[in-house]
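Novice: Chains as they are written, first to last, in my numbering: chain F, 86 to 368; chain Y, 7 to 240.
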Ligand SMILES: Nc1ncnc2c1ncn2[C@@H]1O[C@H](COP(=O)(O)OP(=O)(O)OP(=O)(O)O)[C@@H](O)[C@H]1O
Ligand SMILES: Nc1ncnc2c1ncn2[C@@H]1O[C@H](COP(=O)(O)OP(=O)(O)OP(=O)(O)O)[C@@H](O)[C@H]1O
Ligand SMILES: [Mg+2]
Ligand SMILES: [Mg+2]
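1) Using a Cβ-Cβ cut-off of 8 Å, state whether residue 295 of chain F counts as contacting chain Y.
2) Between the Cα of residue 145 of chain F and the Cα atoms of F:360, F:322, F:362 and F:352, which residue gives the shortest distance?
3) Going along the chain, which unbroken runs of the beta strand (DSSP E) with 3 or more residues stay wholly within the stretch 124-157 of chain F?
4) With DSSP run on the structure shown, which of helix, strand or coil describes residue 291 of chain F?
5) Using alpha carbons as the reference points, say which of Y:149, Y:53, Y:77 and Y:54 lies closest to residue 64 of chain Y.
6) Give me the chain Y residues within the contact set of residue 176 of chain F, using Cβ-Cβ distance strictly less than 7 Å, ordered along the chain.
7) Can you pull out the residues from the stretch 83-104 of chain Y whose beta carbon lies closer than 8 Å to at least one beta carbon of chain F?
8) Is residue 140 of chain F close to chain Y, meaning its C-beta is less than 8 Å from at least one C-beta of that chain?
9) Need the endpoints of the beta strand (DSSP E) that residue 16 of chain Y sits in, please.
10) Mind checking whether residue 365 of chain F and residue 159 of chain F have CB atoms under 8 Å apart?
11) Give the C-beta separation of residue 119 of chain Y and residue 144 of chain Y to the nearest angstrom, bearing in mind that I take them to be a contact with Cβ-Cβ under 8 Å.
12) Measure the CB-CB distance between residue 282 of chain F and residue 200 of chain F and report whether it falls below 8 Å.
13) Would you say residue 322 of chain Y faces chain F, with C-beta separation under 8 Å as the test?
14) Give a yes or no on whether the C-beta atoms belonging to residue 75 of chain Y and residue 86 of chain Y are separated by under 8 Å.
15) Let me see if you follow: with CB-CB separation under 8 Å, is residue 345 of chain F close to chain Y or not?
16) Please indicate yes or no: does the CB of residue 228 of chain Y lie closer than 7 Å to some heavy atom of ligand 4?
17) Smallest Cα separation from residue 122 of chain F: which of F:138, F:362, F:171 and F:154?
18) So residue 181 of chain Y packs on residue 212 of chain Y, CB below 8 Å; how close in whole Å?
19) Mind pulling the chain F residues with CB within less than 7 Å of residue 67 of chain Y?
20) Chain Y partners of residue 81 of chain F, CB-CB under 7 Å?
21) Out of Y:214, Y:235 and Y:126, state which residue places its alpha-carbon closest to the alpha-carbon of residue 49 of chain Y.
22) Write down every uninterrupted run of the beta strand (DSSP E) in the stretch 24-97 of chain Y whose length is 3 residues or greater and which is fully enclosed by it, in chain order.
23) Would residue 230 of chain F be called buried (16 or more neighbouring beta carbons within 10 Å of its own) or exposed?
24) So, at 6 Å on beta carbons, what are the nonlocal neighbours of residue 123 of chain Y in its own chain, with the 5 sequence-adjacent residues on each side left out?
25) Starting from residue 228 of chain F, follow the alpha helix (DSSP H) in both directions and report where the run begins and ends.
26) Is the closest heavy atom of ligand 3 to the C-beta of residue 286 of chain F under 7 Å?
27) For the beta strand (DSSP E) that residue 116 of chain F lies in, which residues bound it at each end?
28) For chain Y, check one thing: does any of its Cβ atoms lie closer than 8 Å to the Cβ of residue 136 of chain F?
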């Protein structure tokens, strides 16, 4: 049995490239930075004093029991909710950083449309039920300026294929689809315009495991190749493990643990995190 | 040989506080010191439960230490894995430190070739190059070409372990952590792993491994250390 090696030139070229990448990565800084975010429903806290940073290409997972404030936090991070207190900074493609809560309504809408995607827990909240699946995806491209009909159609079929939708159903209304199919259309709609950041609330909820696996692979590819960043709320620790780099555990509106995903799952420090991890079947 | 260690562990302690079991504290070790230089392979030894795997996981940032420093030479500087930001630890894992565990853990439907190519992809190597190198690796570990396009979920234990090894060896990591890499392999494949480890040592990798198989251990280890002698068994 022989042990072949790569050409040394290939290795050394890569070492140079690596050094360059390392410098570039260190320079980039956070894409999104949240500080001290709290939101209340009356006297009750939805989420309390949450701070975090997210870089390009990075996936942050948020887990925690029902009612722990995950959706509330996600809405605050995506500027769909204006929290009672806290700051949110976002770095634009130009390199300039904006105070998201300080933007005017119009500026914020422009930013969220061009740079961000948001996948809702319930696909009905993220789709227009009165237009076809294809139009749901295509209108996102038009919203960011695409005009050429042929291009739009090609990209729509490409994305529906990537989420494994049957293209024969493309002209049907989402209201005639199963929950899992609706979810896939919603995901295609949010990724087709190549956002820099997506927020996802239980994206794999209604999906069978096979489609779920394909979706995880798709997202992994986008984060590796295009530097897509994502914040993903999930109750599924196996999904969190495979997809997210960092993991946040929430309980009663507060972050009780935050660290590398495998560390939080394999050696949880907080009592509640330990309970959460020990109460699911290990994967 | 370089005079500074690649890995410098000082006063490391590990304990587990089991909140779900009445808050019992399990002390594994404390005051553990270990230095590993380029071009050597340290084999960890010690009774079952003495903390060999825990030590490897601490080095990789997978476990949280109770005290101490884990200094790793990364991009020309010593980085303390025990205290660094998660994104720094991730960068250390991408470029400096590889880890081969006993079991493969991957996204279900992804083909073996992609699984092996992934560490290169995560470093920005183009798909075609990464796949070509992944193919070479799989071939070295004797995975038949017919399996490359299949997801490893249905592979035998030994095949999965070899995919795992191919993934761990596809990058020439300066520091390599191995937790029983030959546990489910037959003799012929064990020899391949031995050859790969020796090659990594020759190119100057610093290796820390757990090898229950004494043939493998004797073939690769430059030093054997008992974890119970590295520090105080707490
Ligand atoms: N619009 C609202 N008005 C009043 N209370 C709300 C509102 N939305 C959420 N809450 C409360 O805030 C808390 C956090 O809710 P949130 O939806 O953020 O939880 P979650 O972690 O997403 O839960 P789940 O996993 O069930 O989706 C809950 O106690 C919830 O009842
Ligand atoms: N994640 C964990 N949570 C709680 N206790 C743990 C965890 N990991 C390891 N331990 C405990 O720490 C001690 C050391 O375990 P470790 O796996 O490091 O031993 P080892 O030396 O690798 O043993 P073996 O030779 O059997 O693999 C054991 O008592 C084990 O039960
Ligand atoms: Mg929710
Ligand atoms: Mg062990």
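Note that beta-carbon positions come from the ideal geometry of N, C-alpha and C, so glycine has one too.
This structure is a prediction, so every number in the text was calculated from the model and none was measured.
Specialist: Checking against the coordinates, here is how it stands:
1) Closer than 8 Å to the CB of residue 295 of chain F there is at least one CB belonging to chain Y.
2) Of F:360, F:322, F:362 and F:352, the smallest CA-CA separation from residue 145 of chain F is found for F:322.
3) Fully enclosed beta strand (DSSP E) runs of 3 or longer: 129-139 and 144-149.
4) Of the three classes helix, strand and coil, the one that applies to residue 291 of chain F here is coil, per DSSP.
5) Of Y:149, Y:53, Y:77 and Y:54, the smallest CA-CA separation from residue 64 of chain Y is found for Y:77.
6) Taking the beta carbon of residue 176 of chain F as reference, no residue of chain Y falls within 7 Å; the closest one sits roughly 15 Å away.
7) Cβ contacts with chain F: 92, 93, 95, 96, 97 and 101.
8) Interface residue, yes.
9) Per DSSP, residue 16 of chain Y belongs to the beta strand (DSSP E) from 13-24.
10) No, they are not a contact pair.
11) With a Cβ gap of about 7 Å, residue 119 of chain Y and residue 144 of chain Y count as contacting.
12) In contact: residue 282 of chain F and residue 200 of chain F (Cβ atoms closer than 8 Å).
13) Here chain Y covers residues 7 to 240 and nothing more, so residue 322 of chain Y does not appear.
14) Residue 86 of chain Y sits close to residue 75 of chain Y, with the two beta carbons spaced by under 8 Å.
15) Interface residue, yes.
16) No.
17) Here the closest residue by C-alpha is F:171.
18) Cβ atoms of residue 181 of chain Y and residue 212 of chain Y come within 8 Å of each other, at about 5 Å.
19) By Cβ distance, chain F contributes 345 and 348.
20) This structure cannot speak to residue 81 of chain F, because chain F is shown only from 86 to 368.
21) When only C-alpha atoms are compared, the closest one is Y:214.
22) Here the runs fully enclosed are 30-42, 47-51, 73-80 and 83-86.
23) The C-beta of residue 230 of chain F has fewer than 16 other C-beta atoms within 10 Å across all chains shown, which makes the residue exposed.
24) These residues qualify, in order along the chain: 136, 137 and 140.
25) Taken as a continuous stretch (DSSP letters only), the alpha helix (DSSP H) holding residue 228 of chain F covers 218-228.
26) Checking every heavy atom of ligand 3 against the Cβ of residue 286 of chain F, one is found closer than 7 Å.
27) Taken as a continuous stretch (DSSP letters only), residue 116 of chain F belongs to no beta strand (DSSP E), as it is neither H nor E.
28) Answer no: the Cβ-Cβ gap between residue 136 of chain F and chain Y never drops below 8 Å.
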